[in-house]
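Asker: So the number in my numbering is just where the residue sits in the sequence shown, counting from 1, plus 316. Yeah, the Cβ is synthetic: ideal placement off N, Cα and C, and Gly gets one too. Handing you a structure now.
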Amino acid sequence: MCGIIGLVSKDEFSVRDELLKCLARLEYRGYDSWGYAAYDGAVVKRVGGIGNNTKGITDMKTTVAISHTRWATHGEVTQSNAHPHSNSKKTIFAVHNGIIINNRQIKERLMKKGYKFVSETDSEIIPHYFDYMLSKGKSMKEAICSFISEIEGTFAIVLFRKGDPHLYAIKRDSPLVLGLYDGKGILASDIYAFSDKTNKAVFFDDDEFAVLGMDSYRFYNKSGKLVRKKVCGFEWSREEEKLKHYKHYMIKEIKEQPSASKRLIDSFSTIQKDRLIRFAKLIRMASRVVFVGAGTSYHASLIGVSLLNKLGIESHTIIASEFESFMLVDDKTLVIAISQSGETMDVVTVIKDVLKKGATVASIVNVPYSTIQRYSKLSIEICAGQEVCVASTKTFTNQLITLFAIAAYLGVKEFDLATIPDKIEKTIKTNEGKVRKLARELYRKKDIFVLGKGVSYPMAREIALKLKEIPYIHAEGMMAGELKHGTIALVEKGTPVISLIPNENVDMLSSTREVEARGARSIIISNTDGELHIPKSGDAEFAIYSGIIGHLLSYYIARLKNLPIDKPRNLAKSVTVR
Ligand code: F6R
């Protein structure tokens, strides 16, 4: 949520061609408004996504600049709420990702001192706070130390003072990383902002800050003591970034799945072989396993639970935001976090909490060096490459394959991983045309029900989530067995009900007959027979192929409705607030 960039260089750089291009790469983190500020105090702010919205911006060259793309938390989507925010004299400029909890108290205090606020955001206190501290004779470093000790909440902040050739960056909980290339230092919310330029990065830990000069950088802890940091080299695929001939990233990413899944499967016999073995050992050693995730990643975790339970390994999962109330852990528990971004705040919060309780944390992530990976004792990367569309597609498939690989290592016999990429390809080829036709029939519908049982239950939820998220259709993904305990009251003539029926599952077949008997428009996804037919597979593998059909259906319905598929309203890909 929200993407921030700070760039400092000894040679001048172009705001439009360099700063804003990096910012555009973070747009999937939020696209309500964007803005930048440069060394001489020039500020531009615009409502909407950065996309084609840079028209009329005269290119300027500078050596220090910051920028921000917003996902609104405090205050509506307006120009005055857009970042960067500044003090009244327009000498201090700041961008912020996170939430400042004690912002009301700080604001009231500053207002009493005569500071005037022009936005409804919590972030606006930052430049005023620094203005006040500097006016009291504090240095920037001292002011930052006071800020860290006084501010409650989460923040990744980059700020500068007009005429001061340094950038100041502060972090707690919200992600922040420094990229190093060509004599430049780039501060960003994640590595994707600069992964086309460099693979060298320095990751901030919580309550650290950095001062970046034209050709130097220094990190400090919250007391202002110098901290030595490691420069990490990361691997991140570059070849997949361009839209090529595709209309949207969503369809491009769905179609990338044969190659993305193959890359992952190959890694399990090469670069990730050792991690896989150690991951399986951690599971064997734990007295119980608890998965945690949010959204689509939670759906993957449900499949993880069913696979481990098959092996007699006690395992559970819970949505991250409800973990605290509904799950117990102790020092013998292994907590497995599943997260594409590796930054989801609800999951990060759980991890910090369970670590305090002595649990072991392992993770399955897409983004290397992400916060969740860095907190984990062991982490498997799903090697899906960058996913630009807000909705997870190829990353979900690779999460499932990772779980299959772990389960196979532990003794589940039902899959031959090597055949999955071809079956994915076949699923797309045989169903895309039929799905497009079905989309034409369904795109005016207000409600769709999706039924599953066992491992197809998480898929029912996953397909329903995508139907809500991309074509904005109200959809309910549910346990087929629960239908007759209430929801069936909503089924009437023509109500679309999608049934996920692996291997002629008898319970699924009878639930399907029950809705058909009430006049539902029944749509069957099956690996034996059905309107949408997927390759022969065990029940768990069925999850992958049925998911792909569900993702295609959401995509084609949304296309007919002419919706902003890659950036659905109100959403962001990396949810870094609670
Ligand atoms: C849905 C979707 C979201 C994410 C969720 C968790 O298509 O993408 O539901 O799955 O926000 O994100 P990660 O996996 O990054 O923790």
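Compare the C-alpha of Glu701 against each of Glu569, Asp531, Asn537, Lys487 and name the closest.
Answerer: Position 385 of the sequence shown holds residue 701. Correcting the residue identity first, residue 701 is Gly in this sequence and not Glu. Among Glu569, Asp531, Asn537, Lys487, the Cα nearest to that of Gly701 is on Glu569.
Asker: Rounded to whole angstroms, how far is the Cβ of Val891 from the Cβ of Thr612, which I believe are closer than 8 Å?
Answerer: Residue numbering aside, residue 891 sits at position 575 when the sequence shown is read from its first letter. Residue numbering aside, residue 612 sits at position 296 when the sequence shown is read from its first letter. Not really, about 12 Å apart at Cβ, beyond 8 Å.
Asker: Sorry if obvious, but does the Cβ on Gln656 come closer than 8 Å to a heavy atom of ligand 1?
Answerer: As a first step, residue 656 must be located in the sequence shown, where it is residue number 340. At least one heavy atom of ligand 1 is nearer than 8 Å to the Cβ of Gln656, so yes.
Asker: May I have the straight-line CA-CA distance separating Ala755 from Asp763, to the nearest angstrom?
Answerer: The count along the sequence shown starts at 1 and reaches residue 755 at position 439. The count along the sequence shown starts at 1 and reaches residue 763 at position 447. Cα to Cα, the separation comes out at about 13 Å.
Asker: Buried or exposed: which applies to Val331, given that a residue is buried once 16 or more other Cβ atoms fall within 10 Å of its Cβ?
Answerer: In the sequence shown, the residue the question calls residue 331 occupies position 15. Buried is the call here.
Asker: Opposite Gly549 in the DSSP bridges: which residues?
Answerer: Reading the sequence shown from its first residue, position 233 is the one you call residue 549. The partner list for Gly549 (beta bridge, DSSP) reads Lys516.
Asker: I believe Ala867 touches Lys750 by the beta-carbon criterion, under 8 Å. Please report the beta-carbon distance rounded to the nearest angstrom.
Answerer: Locating residue 867 in the sequence shown gives position 551, where the first residue counts as 1. Locating residue 750 in the sequence shown gives position 434, where the first residue counts as 1. A quick correction: the sequence has His, not Ala, at residue 867. Rounded, the Cβ-Cβ distance is 14 Å, inconsistent with contact.
Asker: Rounded to a whole number of angstroms, what is the C-alpha to C-alpha distance between Tyr448 and Leu426?
Answerer: Counting from one through the sequence shown, the residue named residue 448 turns up at place 132. Counting from one through the sequence shown, the residue named residue 426 turns up at place 110. In a straight line, the C-alpha of Tyr448 is about 8 Å away from that of Leu426.
Asker: State the Cα-Cα distance for the pair Met530 and Pro481, rounded to the nearest angstrom.
Answerer: In the sequence shown, the residue the question calls residue 530 occupies position 214. In the sequence shown, the residue the question calls residue 481 occupies position 165. Going from the Cα of Met530 to the Cα of Pro481 covers about 7 Å.
Asker: How about Leu781: is its Cβ closer than 8 Å to a heavy atom in ligand 1?
Answerer: Here residue 781 is taken as the residue at index 465 of the sequence shown, counted from 1. Answer for Leu781: yes, Cβ within range of ligand 1.
Asker: Does the stretch 445-461 come within contact of the stretch 360-372, defined as at least 3 CB pairs closer than 8 Å?
Answerer: The stretch 445-461 is not in contact with the stretch 360-372.
Asker: Can you tell me the Cβ-Cβ gap for Glu832 and Ser838, rounded? I've got them flagged as a contact below 8 Å.
Answerer: Residue numbering aside, residue 832 sits at position 516 when the sequence shown is read from its first letter. Residue numbering aside, residue 838 sits at position 522 when the sequence shown is read from its first letter. With a Cβ gap of about 5 Å, Glu832 and Ser838 count as contacting.
Asker: In the DSSP assignment, find the alpha helix (DSSP H) that holds Glu569 and state where it starts and stops.
Answerer: The residue labelled residue 569 in the question sits at position 253 within the sequence shown. Note, Glu569: alpha helix (DSSP H), 565-571.
Asker: Relative to ligand 2, is the shortest distance from any of its heavy atoms to the C-beta of Glu343 smaller than 8 Å?
Answerer: Annotation note on ligand 2: not contained in the displayed structure, which lists ligand 1 as its ligands.
Asker: Residues in its own chain within less than 7 Å of Glu741 by CB, not counting five upstream and five downstream?
Answerer: On the sequence shown, residue 741 is found 425 positions in, with the first residue counted as 1. Cβ neighbours of Glu741 beyond the five flanking positions: Pro574.
Asker: Since Tyr344 and Val706 should fall inside the 8 Å C-beta cutoff, what is the C-beta to C-beta distance between them, to a whole number of angstroms?
Answerer: For this step, residue 344 is matched to residue 28 along the sequence shown. For this step, residue 706 is matched to residue 390 along the sequence shown. Going by Cβ atoms, the distance from Tyr344 to Val706 rounds to 6 Å, so yes, they are a contact pair.
Asker: Based on DSSP bridge pairs, tell me the residues matched to Phe535.
Answerer: Numbered from its first residue, the sequence shown carries residue 535 at position 219. Note: Phe535 sits in a beta bridge opposite Ala526, Val543.
Asker: Quick check on Lys500: buried or exposed, where buried means 16 or more other Cβ atoms within 10 Å of its Cβ?
Answerer: Here residue 500 corresponds to residue number 184 of the sequence shown, with the count starting at 1. Flag for Lys500 reads buried.
Asker: Pick helix, strand or coil for Glu697, following the three-state DSSP scheme.
Answerer: For the purposes of this step, residue 697 is taken as the residue at position 381 of the sequence shown. Here Glu697 sits in strand by DSSP.
Asker: For Val606 versus Ser631, is the C-beta spacing smaller than 9 Å?
Answerer: Working through the sequence shown from its first residue, we reach residue 606 at position 290. Working through the sequence shown from its first residue, we reach residue 631 at position 315. Yes, the Cβ-Cβ distance between Val606 and Ser631 is below 9 Å.
Asker: Answer yes or no: the CB of Ser708 versus the heavy atoms of ligand 1, is any distance below 8 Å?
Answerer: Here residue 708 corresponds to residue number 392 of the sequence shown, with the count starting at 1. Yes - ligand 1 has a heavy atom lying nearer than 8 Å to the Cβ of Ser708.
Asker: Would you say Glu785 touches ligand 1, meaning its beta carbon is less than 8 Å from a heavy atom?
Answerer: The residue labelled residue 785 in the question sits at position 469 within the sequence shown. Yes, Cβ of Glu785 sits closer than 8 Å to a heavy atom of ligand 1.
Asker: Determine the DSSP secondary structure at His399, reduced to helix, strand or coil.
Answerer: Your numbering for residue 399 matches position 83 in the sequence shown. His399: coil per DSSP, three-state reduction.
Asker: Along the chain, where does the beta strand (DSSP E) that runs through Val277 open and close?
Answerer: In the structure as shown, the chain starts at 317 and stops at 894, and residue 277 therefore has no counterpart that could be examined.
Asker: So, is Asp438 buried or exposed, given that buried needs 16 or more other C-beta atoms within 10 angstroms?
Answerer: Working through the sequence shown from its first residue, we reach residue 438 at position 122. The residue is buried, with at least 16 neighbouring Cβ atoms inside 10 Å.
Asker: Ends of the beta strand (DSSP E) at Asp763?
Answerer: To locate residue 763, count along the sequence shown from 1; it is residue 447. Its beta strand (DSSP E) spans residues 763-768.
Asker: Taking 8 Å as the cut-off, does the CB of Lys745 come closer than this to any heavy atom belonging to ligand 1?
Answerer: As a working mapping, residue 745 is identified with position 429 in the sequence shown. No, the beta carbon of Lys745 sits no closer than 8 Å to any heavy atom of ligand 1.
Asker: Provide the residue span of the alpha helix (DSSP H) that contains Glu458, from first to last.
Answerer: For the purposes of this step, residue 458 is identified with residue 142 of the sequence shown, where counting begins at 1. Run containing Glu458: 456-466, per the alpha helix (DSSP H) assignment.
Asker: Which class does Leu848 belong to by DSSP, given the choice of helix, strand or coil?
Answerer: For the purposes of this step, residue 848 is taken as the residue at position 532 of the sequence shown. In this structure, Leu848 counts as strand in the three-state DSSP scheme.
Asker: So Asn419 is in the beta strand (DSSP E); what residue range does that whole segment cover?
Answerer: On the sequence shown, residue 419 is found 103 positions in, with the first residue counted as 1. Unbroken run through Asn419 is the alpha helix (DSSP H), 419-428; no beta strand (DSSP E).
Asker: Considering only DSSP beta bridges, list what Ala410 is partnered with.
Answerer: For this step, residue 410 is matched to residue 94 along the sequence shown. Paired residue(s): His401, Leu475.
Asker: Quick one: any contact between the stretch 408-425 and the stretch 452-472, if contact means 3 or more CB pairs under 8 Å?
Answerer: The stretch 408-425 is in contact with the stretch 452-472.
Asker: For Val651, is the beta carbon positioned less than 8 Å from some heavy atom of ligand 1?
Answerer: Translated into the one-based positions of the sequence shown, residue 651 becomes position 335. Val651 Cβ: outside cutoff for every heavy atom of ligand 1.
Asker: Which whole runs of the alpha helix (DSSP H) in the stretch 658-699 are 4 residues long or more, in chain order?
Answerer: List check, alpha helix (DSSP H) in window: 661-672, 687-691.
Asker: Count the other CB atoms within 10 Å of the CB of Met643; is the residue buried (16 or more) or exposed (fewer)?
Answerer: What you label residue 643 is simply residue 327 of the sequence shown in a count that begins at 1. Flag for Met643 reads buried.
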